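4 protein chains.
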Amino acid sequence: MVSYSEAAKKITEELSATLNQVDENEIYSLLEEIKKADKVFFVGVGRVLLSLKAIAKRLAHLGVKTYFVGQITEPAITEKDLLIVGSGSGETAFPLTIAEKAKQHHATVAHIGTNPESSMRAYTDCFVKIPVSSKLSLPGEIKSEQPMTSLFEQSLLLLGDTLALMIIKEQNIDMKELWQHHANLE
Amino acid sequence: MVSYSEAAKKITEELSATLNQVDENEIYSLLEEIKKADKVFFVGVGRVLLSLKAIAKRLAHLGVKTYFVGQITEPAITEKDLLIVGSGSGETAFPLTIAEKAKQHHATVAHIGTNPESSMRAYTDCFVKIPVSSKLSLPGEIKSEQPMTSLFEQSLLLLGDTLALMIIKEQNIDMKELWQHHANLE
Amino acid sequence: MVSYSEAAKKITEELSATLNQVDENEIYSLLEEIKKADKVFFVGVGRVLLSLKAIAKRLAHLGVKTYFVGQITEPAITEKDLLIVGSGSGETAFPLTIAEKAKQHHATVAHIGTNPESSMRAYTDCFVKIPVSSKLSLPGEIKSEQPMTSLFEQSLLLLGDTLALMIIKEQNIDMKELWQHHANLE
Amino acid sequence: MVSYSEAAKKITEELSATLNQVDENEIYSLLEEIKKADKVFFVGVGRVLLSLKAIAKRLAHLGVKTYFVGQITEPAITEKDLLIVGSGSGETAFPLTIAEKAKQHHATVAHIGTNPESSMRAYTDCFVKIPVSSKLSLPGEIKSEQPMTSLFEQSLLLLGDTLALMIIKEQNIDMKELWQHHANLE
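Residue numbers (our numbering), protein chains in the order written: chain A, 4 to 189; chain B, 4 to 189; chain C, 4 to 189; chain D, 4 to 189.
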């Protein structure tokens, strides 16, 4: 049997190293865009989309109007809105198509990815680099022992939850009151 | 501006402390049940469900037959199958209903939660405790500075990805080959 | 080869007969509740949920604030809101749990089903009968040649779209303008 | 109050007229492709996707291996598989991207739409025309009084359920047995 504690330690060490190497200024720029936006849209695929949905849900509790592309009651995007793209490689077809359309509607586009020089760059106003190995790995990135792009998806979730924690501290939000606006039918 | 690096450090420290306090034997029992099962079903709500879906997706890449309750093409559960319930409090109505039904069909039920003495206990064959504060907090748990149940949802995702890493190491799975069975239409 | 035109004729005849036997007054009561409500929530499972999501999406285009239980950014329900339950038998566990919770929050509950005497009755303020055979079939219902509960799910979708058409005609909504509020990123 | 019975009659008449004008041979070709395929994938957006999911769910009960693009546990598509695209206009960006990828993997592509001369044509092996007005309306189509593309989405669901009924009659499937393979946790 492989040791649980070794495997868990490996993963949390990878996450600490990754989040520690994110450029703080990129985070502050993204946070400003979120605060400025009327509505915040999210787009991604697979496990990346799951991380983005978790971020959208938490930010909604904090008063940010969040939506993900493809949801049942998705409003029109406007020039006052922000689209956050999650895509490690920056080459995934669906997010690229959506980012192009968002720019046609003059929305702001933020990209959280691993590669600032990807095809997504043409549509990106604000880039946050998560420095991990993706399929298109670059020198200087955290080399993960985990399968596929797990480290990117985990880091993305934690990065979003870090933004949530920063907003709570900055605005002195009372965490007990958050439950009042939470879904009460589950 | 609240410091990004402090907020990120806080979150990764909470996660390391939490995963470090999980009982290894509970993990090994859960892993055995996953390996023994014909099919593995997942049930949860909200952000917990998102973590479970991410786990289901990764385990599917490793050859485990995974489903979540409510998915479009959900098969019948049988006595050879495992239901994994994600519920911090162990009191959420929907997972309780599903766990009861799973036992009526003689499936094995695993519960990942914070409280071994919850209502879920009546249906649980295998319990894994994530020792964090939930709404019903207990002495001895990690006290989180994060909002709501973020720490539980994050820990759940990482715990699932730890299981994936253990399976990969145990079975010497070649990570490059994993991409072959991955969705190729995205 | 079974004839397409015979099979299609069978289905459209079943639908015409079913919608023709719905009690108009039940429809008018439901329509009033939708117009009165601050927010309209939908709950159901399986193909019924798919029909409800389609209704929620179309009504949202007409200015109704619609949500489905379990969606990522689901607000709290209040006494000014309406929950619409889709359940043929009125005995499905999940909708029953949610309807009970909605009544605890003093919301109005509407049930679209086949059986006015089901367990759902305890929570229902407004019932609309779709008179088709379900697993618990009653005398006087349309007997369907289709599998499972297909006729209920189809009738539910068309009933919702009939409500949409009634709202459009009543409020003289310009259909070309509807596209302006439609998602523009797809 | 606008009359319910008039509105419902209008919708069912539109549906009968539409399904009646579908070319039977196009249906038989599609049915052959479904029967020949190892796996059947579905792609669409919005309410069209909801209709496709309902079709996928019903066909799965009849033994067809169905998936929709973007689902949590989506397998790789191969040259033995079929992709069914639902897109009225045949110009929606996401289905076009996916159809192009499906052809790169040598899968068969079927398109259910309103316009045989759309951009989708480049990737389509098998086309089924639902002759209704879309945004890009053509002469000879059914002119709908319903908003947006409701008539297309309804017709698509009924067309899929017609295929299901044809399979049941052709294979003499016992409808009572279908419930045995149905999800039993709801």
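Beta carbons: idealized from backbone N, C-alpha and C, even for Gly.
Keep in mind that this is a model prediction, so the values were computed, not measured.
Item, Value
"Tell me which same chain residues have a C-beta within less than 6 Å of the C-beta of L86(B), skipping the five on either side of it?", "F44, A105, A110, V112"
"Quick one: complete beta strand (DSSP E) runs, 3+ long, within the stretch 21 to 84 of chain B?", "43 to 46, 69 to 71"
"Within this structure, are the beta carbons of I75(D) and K56(B) separated by less than 9 Å?", "yes"
"Excluding sequence positions up to five away, which residues of its chain have a Cβ less than 6 Å from the Cβ of L154(C)?", "E17, V135, S147"
"What separation, rounded to the nearest whole angstrom, lies between the Cα atoms of K12(B) and L161(A)?", "11 Å"
"Closest Cβ-Cβ distance between Y70(C) and chain A: below 9 Å?", "yes"
"Would you identify the three-state DSSP class for I176(D), choosing helix, strand or coil?", "coil"
"Given this structure, state the Cα-to-Cα distance separating T21(A) from E36(C), to the nearest angstrom.", "52 Å"
"Near K68(C), which residues of its chain fall below 6 Å by C-beta distance, leaving aside the five closest residues on each side in sequence?", "K42"
"Whole angstroms is fine: what's the gap from M123(A)'s alpha carbon to H184(D)'s?", "44 Å"
"Run the CB neighbour count on L77(C), radius 10 Å, all protein chains shown included, and call it buried at 16 or more, exposed below.", "The sequence as given places Glu at residue 77(C); Leu does not occur at that position. With 16 or more other Cβ atoms within 10 Å, it is buried."
"Would you mind stating whether G89(C) and G116(C) have Cβ atoms separated by less than 9 Å?", "yes"
"For Q24(C), I'd like the list of residues in its chain whose CB is within less than 6 Å of its CB, leaving aside the five on either flank, ordered along the chain.", "P134"
"For G91(D), write down the residues that DSSP places opposite it in a beta bridge.", "Per DSSP, none; premise fails for G91(D)."
"What would DSSP say about H109(B), mapped onto helix, strand or coil?", "coil"
"Alpha carbon to alpha carbon, what distance is there between N118(B) and W182(D)?", "36 Å"
"Could you name the residues of the stretch 90 to 106 of chain A whose beta carbon sits closer than 9 Å to any beta carbon of chain B, in the order they occur along the chain?", "T95, A96, F97"
"For E27(C) versus F130(C), is the C-beta spacing smaller than 9 Å?", "no"
"Can the beta-carbon of S54(C) be found less than 9 Å from the beta-carbon of Q157(C)?", "yes"
"Report yes or no: is there a C-beta of chain A within less than 9 Å of the C-beta of I75(C)?", "yes"
"What residues from chain A crowd round V1(D), counting only those whose CB sits closer than 9 Å?", "With chain D covering only 4 through 189, there is no way to say anything about residue 1(D)."
"Closer than 8 Å by beta-carbon distance: list the chain C residues that pair up with A11(D), in chain order.", "L22, N23, V25, L161, L162, T165"
"Please name the residue or residues paired with I145(C) in a DSSP beta bridge.", "V135(C)"
"How long is the line joining the alpha carbons of T127(B) and L159(A), rounded to whole angstroms?", "32 Å"
"Helix, strand or coil for L86(D)? Go by DSSP, reduced to three states.", "strand"
"Nearest CA to the CA of M151(B): which residue from H108(B), V51(B), Q107(B), T100(B)?", "V51(B)"
"Going straight from the alpha carbon of A186(A) to that of A167(A), what length do you get?", "18 Å"
"When you compare the CB of H114(B) with every CB in chain D, is at least one pair closer than 9 Å?", "no"
"Would you say F271(B) faces chain D, with C-beta separation under 9 Å as the test?", "In the structure as shown, chain B begins at 4 and stops at 189. Residue 271(B) is therefore absent and cannot be evaluated."
"Would you please verify whether the beta carbon of V5(D) is less than 9 Å from any beta carbon of chain A?", "no"
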